[in-house]
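Asks:
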Amino acid sequence: MTKKLLFLLSFLLIIRPSWAADTCSRTAIINYQEVLVDVSNSGRGEGLRFYLEKDPVAKDLLDEYQDNNRPTWTGAALSTAGTGVMLAGLLRSSEGRGEALTGRTTLLVGGVAMIALSYLISKTKQHNNEHLLHKSVEEYNKRNTPRIYLAPTESNGKFGVGIGIGQEF
Numbered sequence: 364m365t366k367k368l369l370f371l372l373s374f375l376l377i378i379r380p381s382w383a384a385d386t387c388s389r390t391a392i393i394n395y396q397e398v399l400v401d402v403s404n405s406g407r408g409e410g411l412r413f414y415l416e417k418d419p420v421a422k423d424l425l426d427e428y429q430d431n432n433r434p435t436w437t438g439a440a441l442s443t444a445g446t447g448v449m450l451a452g453l454l455r456s457s458e459g460r461g462e463a464l465t466g467r468t469t470l471l472v473g474g475v476a477m478i479a480l481s482y483l484i485s486k487t488k489q490h491n492n493e494h495l496l497h498k499s500v501e502e503y504n505k506r507n508t509p510r511i512y513l514a515p516t517e518s519n520g521k522f523g524v525g526i527g528i529g530q531e532f
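In our numbering, each residue carries its 1-based index in the sequence shown increased by 363.
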């Protein structure tokens with residue numbers, strides 16, 4: 364058993380450097396070259412700023428997109444409260460009678476639910492915000508060259524979807 368585990372670990376260490384060569388971001392095609400759209404997790408869409416700054420409408424939409432993608436204090440507060448409730452549940456002794464709201468299981472489930480709710484709200488907000496980036500690129504493409512091709516692309520009411528492995532750092 365330990366030999367198999369050591370073999371597996373050594374195999375993972377050997378192939379791990381190849382993972383580092385993968386890009387950790389979306390790309391756009393500009394002048395037949397790939398450009399990183401998200402240069403960092405905090406600066407989503409920042410890779411296109413050089414081009415989108417040429418058009419004031421596109422720049423304003425990009426700024427709104429980035430403002431909406433910033434973490435909010437309410438999401439952080441909800442996650443922190445959920446962690447606190449979970450910790451209280453872990454520190455709580457076994458269930459007693461008449462403790463429906465402050466019982467160990469209730470606190471643990473409530474904490475996990477708060478963290479999951481915070482995560483789902485954050486991801487939903489990010490997903491619903493993506494139209495601003497596409498609209499910004501569309502506004503730029505109306506009046507400027509070189510054209511920016513962003514995947515998934517929208518042309519003539521048809522949507523194209525890129526399939527791949529998403530990684531986030």
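Note that beta-carbon positions come from the ideal geometry of N, C-alpha and C, so glycine has one too.
Because the structure is a prediction, the values reported are computed rather than measured.
In terms of alpha-carbon separation, which member of A439, N431, L450 lies closest to H494?
Replies: The candidate whose alpha carbon is nearest that of H494 is N431.
Asks: Taking only the alpha-carbon atoms, compute the straight-line gap between V420 and T468 and give it to the nearest angstrom.
Replies: Each residue's alpha carbon lies about 52 Å from the other.
Asks: Does the count of Cβ pairs from the region 409-419 and the region 443-457 closer than 8 Å reach three?
Replies: No, they do not touch.
Asks: Determine contact between the region 481-493 and the region 390-400, defined as no fewer than three beta-carbon pairs at a distance below 8 Å.
Replies: Short answer: they don't touch.
Asks: Residues bridged to I478 by DSSP?
Replies: According to DSSP, which records beta bridges pairwise, I478 is partnered with nothing at all.
Asks: Nearest-angstrom Cα distance between L450 and T437?
Replies: L450 and T437: Cα-Cα distance of roughly 20 Å.
Asks: Hey, quick one: how far does the alpha helix (DSSP H) through A444 stretch, first residue to last?
Replies: 436-454 is the span of the alpha helix (DSSP H), which, as asked, contains A444.
Asks: Can you check whether the CB of L424 is closer than 9 Å to the CB of K498?
Replies: Cβ atoms of K498 and L424: closer than 9 Å.
Asks: Extract the residue ranges of the alpha helix (DSSP H) inside the region 383-427, only unbroken runs of 4 or more that lie entirely within it.
Replies: Fully enclosed alpha helix (DSSP H) runs of 4 or longer: 412-415.
Asks: Taking A444 as the reference, give the member of N394, L470, T508 with the closest Cα.
Replies: Comparing Cα-Cα distances from A444 to each of N394, L470, T508, the minimum goes to L470.
Asks: Leaving out five residues on either side along the sequence, give the residues of the same chain with a beta carbon under 7 Å from the beta carbon of R506.
Replies: These residues qualify, in order along the chain: D418.
Asks: Given this structure, state the Cα-to-Cα distance separating T508 from N491, to the nearest angstrom.
Replies: Each residue's alpha carbon lies about 27 Å from the other.
Asks: With a threshold of 6 Å on Cβ separation, who are the neighbours of L496 within its own chain once the five nearest residues in sequence on each side are excluded?
Replies: Excluding sequence neighbours, L496 sits near G408, Y428.
Asks: Excluding the five sequence neighbours on either side, which residues of its own chain have a C-beta within less than 8 Å of the C-beta of G406, listed in chain order?
Replies: Excluding positions up to five away in sequence, the list reads Q429.
Asks: If you compare alpha carbons, which of T390, R389, M477 is closest to A440?
Replies: The residue with the shortest Cα to Cα distance from A440 is M477.
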